[in-house]
Amino acid sequence: MELTKNYIPNEVEAKWYAHWLEQGYFTSKPDEREPYTVVIPPPNVTGVLHMGHCLNNSIQDILIRRARMQGKNACWVPGTDHASIATEAKVVAMLRERGITKSSLTRDEFLGYAWEWKEKYGGIILQQLKKMGCSLDWDRTSFTMDPDYYQSVIRVFIDLYGKGMIYRGKRMINWDVKAKTALSDEEVIYKEVQSKLYYVRYELADEEGDIVIATVRPETILGDSAICVNPADERYKHLHGKYAIVPLINRRIPIIADDYVTLDFGTGALKVTPAHDMNDYQLGQKYQLEIIDTMNDDGTMSEAAQLFVGEDRLDVRKKIVPQLEASGHLVKVEEYTNQVGFSERTDAMVEPRLSLQWWVSMKEIAEPALKAVMDDEIHFHPAKFKNLYRHWMENIKDWCISRQLWWGHRIPAYYAPDGSFAVASTKEEAFEQLKINHPQLTIEEIKQDDDCLDTWFSSWLWPFEVFKGLAEPGNAEVNYYYPTNTLVTAPEIIFFWVARMIMAGFEFMDEKPFADVYFTGIVRDKLGRKMSKSLGNSPDLLALIDLYGADAVRFGIMIASPAGNDILFDESALEQGRNFNNKLWNALKLLKMWEARSKRETSDVNPELNLTHPSPHTPQDFASAWFRQRLNKVKAEVDEMMRQFRLNEALKTIYSLIWDDFCSWYLEWIKPGFEQPIDAVVYAQTVAYFEELMELLHPFMPFITEEIYHLLAEQADDLCIKQQQPLANADPAILEAGELLKQVISALRDARNKNQVKPKDPIKLHIQTTDTANYRAIENILGKQVNAELIAYTETTVPGTIVVAVEKDRFFLETGQQLNSETLQAELLKDLDYQQKFLQSVQKKLSNERFVQNAKEEVIALERKKQADAGARIETIKESLRNLG
RNA sequence: GGGAGCAUAGCUCAGCUGGUUUAGAGCAUCUGCCUUACAAGCAGAGGGUCCGCGGUUCGAACCCGUGUGCUCCCA
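As numbered in this note's numbering, the first sequence has no gaps in its residue numbers, which increase by one up to the final residue, 1321.
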């Protein structure tokens, strides 16, 4: 078999994904095993794969694949969210291109187009996830508007209404004038805007004099119903309880006093417009001020404004200023920078507005959800998000759940012509209810609410409703899979979604929805900017997969992303991933080369060689025994890191185990001489190690590991479902011996480098040690690694050589060439200085009585060892200096 | 205005229970190698005021206070 020079991912990836699907490895059915369940955060049906999804789903796939290899019944549920606002916007845009306006369509016609759109474009993202290797159980693909799911959402609304937790109320909301819809607070994005601050003079009503207020929204003057000052403000004390006249429209309004007003902003006097400002509304409630709604739902001025009726409020803002000036009410204009809210979806400037909306009262439902997280019944990773969560939950506000949209779950409220209403699952039921108080009513007269529910009002049911937890209560699936294990999501939706899922879990299932929540970071570009369509800084993920391979993309995004920290995405990380693929590929090539040779030779080495407690007689024995222990140790480390959701550290650890320990050390140590055959037992052992490495890496990089696993040997199974062996203990003695060997090799190579001894020039190595036996076991490896043609043991200094000290042992390198004694001396003096200072600091510590009294015994012992080692080392350096003469 | 978080090498970040650390990794940089698995590589090296100040402690990158700068969330 001829292996290509470099690893080529594309075909390999397609081949294995198809194979895994065909074998049904991703399909999960309840059985006697322990389940491990993850529900995907359903991407918008309108979504296309971006870096955020890539990170998020890589993590979920890693957790799921690992669980699958650990004997659990791994179930990862895919699906999409109907995303009411985003999808409706897309459909409206599509219709506009075809020359159709939404307002010309009936609701049913519009929904027809929307479903058509959803069937055609929705869920592209799910196909893209396959490219990434995500091992989702595709048979379970769910959608938040599936018929069962839809009915459950409606049932939840009716249930909460029945419990008195849903109410209808006129409240100040964020209004998107473009979409003509209410926005939740979370859908408003505040941006810094350069505005103007207008100072406007209001004349007093019943006497001479005036009061000047400052405003950035002069058009709202038409809706003013009071002026407010701080009661402590000396400038205005004489005006408390008096009246002023609103310019241009001559409305008489009271001057009130309240602490809310800050003394030093503007003039210290505030105009109060209860219908168009959140805080003014509060004031209005408190002082029972008149509410004058001067704006229509499209942002134009209403009849109540008296002036500029029908004109857009932003045009009016410009037009009203000259009028104020002409009438002598404008005092001055200042430049002013302030935060203004914009709609997340349409980017329209958000208007605070009074509107009749549906609300969920949150206080009660939030309590168990807060407790579960605070008591660590649900674990947040990283835990720092607990604080954020607590703060929000303790100050939770009611949830506005109605949206003026058609695409979504239609609010199950039905109105009689007189405005009274009933909440019911069907028109017929509503009719029955309404008839009680309206005996004359006919069913034709009642009308269903036109609005839809907030998207999150359906997705908060996701963890149980994908298993039909409400549609078929207590069914076998929900009993088995719920509560789920781990939720992986972005911290930006901790309140939108995570908190509400926890509430829904307790409210409707009497149980938490998941045990762990892993918060990923936000993916940013190299400059630290959030990746977004508008900035155009989001790379095309499929193109990246084509270029580097899915494994490399997964590696690149994972290696740089600690839990909860934002990641600055840089394509060089993908290169690193690709290079890692290539490294694995080349290690495979090396083994295949050895395999071809070993088949020609038969080995007479005892195949029963005990590698757990070997007596290392050959370099291969030592190398093999050492690597076995390294594997044991790293597996245990990785296991612990995964338990703590430190995925990037686990990956780094595996990367270093493979690249450094396996490739750079182990393979070099067992490498036979030029064109020499390899020992069959060593070869078999090496294949086994390589397989174990692939097993360890598989959850992170599924494709190449599966490919190599099968190319290494005939396999009866697939790596994808291979079951991990239990962890084994690592022998510290062998590990220590290995570390010493590495250290000696590096030190000697360094000495060669510094003395410009060419890699090809052999040296003679004299070792001065008290532990000759130790070195005898590894001297073949050592000789090969530092290109020594001779290794001898000595009890005294060897003159005319380069001296290297490692711990208490000394090494004399005989090079047969003239040494540059000046450089050597300088090096040694530098080292001597360092060691002496180090010794001093240790001695200072040890001579401190209080340290010796208070510190733990191990710490003191360690300091003593440091002292002894440094002392020995200083002696060696001094001797080397003498040696240089 | 309220809240949360961050500040460690040129860059991105580890450093978990205060002592194994006069601080680690990857990338970048520099030096030497086209050595027979791999130049997408190999062998090495250099690089730090752990943001400033004060405190607790025998001992602080780590704990406390304070100042500065940055980021995010909410109003």
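Heads up, the beta-carbon is just placed ideally off N, CA and C, and yes, glycines get one too.
Considering only DSSP beta bridges, list what residue i is partnered with.
i: D517; result: N480
i: K707; result: I663
i: D961; result: Answer is none; D961 lacks a bridge partner.
i: L562; result: BP columns for L562 are empty, so no partner.
i: S838; result: L889
i: I609; result: R789
i: G1307; result: G1307 is not bridged to any residue.
i: N774; result: V629
i: C511; result: T473
i: Y393; result: No statement about residue 393 is possible, as the shown extent of the chain runs from 437 to 1321 and does not include it.
i: V1222; result: DSSP lists no partner for V1222.
i: K1028; result: According to DSSP, which records beta bridges pairwise, K1028 is partnered with nothing at all.
i: W794; result: R604
Since I believe residue j is in contact with residue i (beta carbons under 8 Å), could you give me their beta-carbon distance rounded to a whole number of angstroms?
i: R960; j: F1005; result: 7 Å
i: P998; j: N1084; result: 5 Å
i: L870; j: A852; result: 5 Å
i: I663; j: I681; result: Contact flag wrong, Cβ pair sits at about 10 Å.
i: L806; j: A741; result: The pair is not a contact, with the Cβ atoms about 44 Å apart (cut-off 8 Å).
i: L1155; j: E1131; result: 6 Å
i: D612; j: S779; result: 4 Å
i: T1379; j: A711; result: No statement about residue 1379 is possible, as the shown extent of the chain runs from 437 to 1321 and does not include it.
Please name the residue in the options whose C-alpha comes closest to that of residue i.
i: Q724; options: I1114, V708 and I1227; result: V708
i: V475; options: L1171, L1067 and T577; result: T577
i: L1298; options: V1278, V1118, N1284 and A1308; result: V1278
i: S1092; options: F1081, P1198 and E1073; result: E1073
i: N509; options: M530, N1191, V528 and S571; result: S571
i: E1142; options: T440, W452, L439 and N446; result: W452
i: G569; options: A988, R534 and E943; result: A988
i: L841; options: R1033, I495 and A615; result: A615
i: E420; options: R1318, L743, M937 and G558; result: Since the first residue shown for the chain is 437 and the last is 1321, residue 420 is missing from the structure and cannot be characterised.
i: M785; options: S791, Q1261 and G777; result: G777
i: G515; options: N1165, H486, L531 and I561; result: I561
i: A1032; options: D1115, E447 and I602; result: D1115
i: Q759; options: V1295, V636, Y696 and I938; result: V636
i: W794; options: A802, R687 and I594; result: I594
i: Q721; options: V752, S661 and W1062; result: S661
i: Q506; options: D1075, F546, R543 and A819; result: D1075
i: E771; options: N1210, D1186 and L633; result: L633
i: Y585; options: E908, K1190 and N1165; result: E908
Check this for me: beta carbons of residue i and residue j, under 8 Å apart or not?
i: W1030; j: N442; result: no
i: L897; j: S588; result: yes
i: Y597; j: D642; result: no
i: P1162; j: R501; result: no
i: R1309; j: Q1271; result: yes
i: D573; j: C511; result: yes
i: A693; j: H676; result: yes
i: L1282; j: G1307; result: no
i: G941; j: P899; result: yes
i: K799; j: V809; result: no
i: T1233; j: I1203; result: no
i: L1010; j: L977; result: no
i: T580; j: D517; result: yes
i: W933; j: S895; result: yes
i: I1094; j: A1059; result: no
i: P477; j: A986; result: no
i: L1177; j: L1218; result: yes
Count Cβ pairs between the segment 806 to 825 and the segment 854 to 871 that sit closer than 8 Å; are there 3 or more?
Contact annotation: the segment 806 to 825 does not touch the segment 854 to 871, with fewer than three C-beta pairs closer than 8 Å.
Is the segment 750 to 770 touching the segment 653 to 662, taking contact as three or more C-beta pairs under 8 Å?
Contact between the segment 750 to 770 and the segment 653 to 662 is present, because at least three Cβ pairs lie under 8 Å.
Cβ contact (3+ pairs, closer than 8 Å) linking the segment 548 to 566 and the segment 468 to 484:
Touching, yes, given that three or more Cβ pairs across the two stretches are closer than 8 Å.
Determine, using beta-carbon pairs with one atom in the segment 1144 to 1160 and one in the segment 1112 to 1126, whether at least three such pairs fall under 8 Å.
Contact holds: three or more Cβ-Cβ distances are below 8 Å.
Would you check if there are 3 or more beta carbon pairs closer than 8 Å linking the segment 925 to 938 to the segment 600 to 612?
Contact check between the segment 925 to 938 and the segment 600 to 612: fewer than three CB pairs, one atom from each, fall below 8 Å, which does not count as touching.
Determine contact between the segment 883 to 900 and the segment 827 to 839, defined as no fewer than three beta-carbon pairs at a distance below 8 Å.
Inter-segment contact for the segment 883 to 900 and the segment 827 to 839 is present: three or more beta-carbon pairs are separated by less than 8 Å.
On the three-pair Cβ rule with 8 Å, is the segment 1230 to 1246 touching the segment 1284 to 1293?
For the pair of segments examined, the segment 1230 to 1246 was found not to touch the segment 1284 to 1293: the number of CB pairs separated by less than 8 Å stays below three.
Contact the segment 1190 to 1201 vs the segment 1095 to 1102: 3+ CB pairs below 8 Å:
Output reads no: the segment 1095 to 1102 does not touch the segment 1190 to 1201.
Check whether the segment 1060 to 1071 touches the segment 1181 to 1189, counting contact only when three or more Cβ pairs, one atom from each stretch, lie closer than 8 Å.
Segments in contact, no.
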